[in-house]
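K.L.:
Sequential numbering from 114 applies to the sequence shown in our numbering.
Ideal Cβ positions, reconstructed from N, Cα and C, are used throughout, including at glycine.
None of these values were measured; they are calculated from a predicted model.
Input: one structure, supplied below.
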Amino acid sequence: KQLAVDYMHPEVGVTNTDGAAFGRNYFNRASAPDTEDDEFADERAEVLAEAAALKQLAVDYLHPEVGVTSVDGAAFGRNYFNRASAPDTEDDEFADERAEVLAEAAALKKLAVDYLHPEVGVTSVDGACFGRNYFN
């Protein structure tokens, strides 16, 4: 159990109870090789910064619900669709036809759901509606 606790909690550290126990750090000694040159470290920092920027762009693309925040007062935009001089987007007859098509699509969706989920059952609103079960 003690080994498992030591493994899972490295932040606790090691306590030494024996004076003859010692260790050597091979990484910070004077004869240790250099770990990384300065130009490689700079290149690594640039690559990591570019990766972080790409990650931020991916998050912005995949989550449009977050929205855009502007920190510059000079940044502005213009809505070309709701201005007074904008052309009409749709005629009334096209709007009516669109409403009919959407109603038909909703009815087809309801039929598809009823077909794919027979466990839901059928509810009747008409008292004169009845059926006979030939299987039982």
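Return the CA-CA distance between tyrosine 139 and glutamate 159, expressed in angstroms with no decimal places.
P.N.:
Using only the alpha carbons, I get a separation of about 29 Å.
K.L.:
Rounded to the nearest angstrom, what separates asparagine 192 and serine 198 at their Cα positions?
P.N.:
Using only the alpha carbons, I get a separation of about 11 Å.
K.L.:
Looking only at its chain, what residues have a beta carbon closer than 8 Å to the beta carbon of alanine 188, apart from the 5 residues adjacent to it on each side?
P.N.:
Here the set comprises nothing.
K.L.:
Could you give the distance in angstroms between the alpha-carbon of alanine 133 and the alpha-carbon of alanine 165?
P.N.:
Their backbone Cα atoms lie some 48 Å apart in a straight line.
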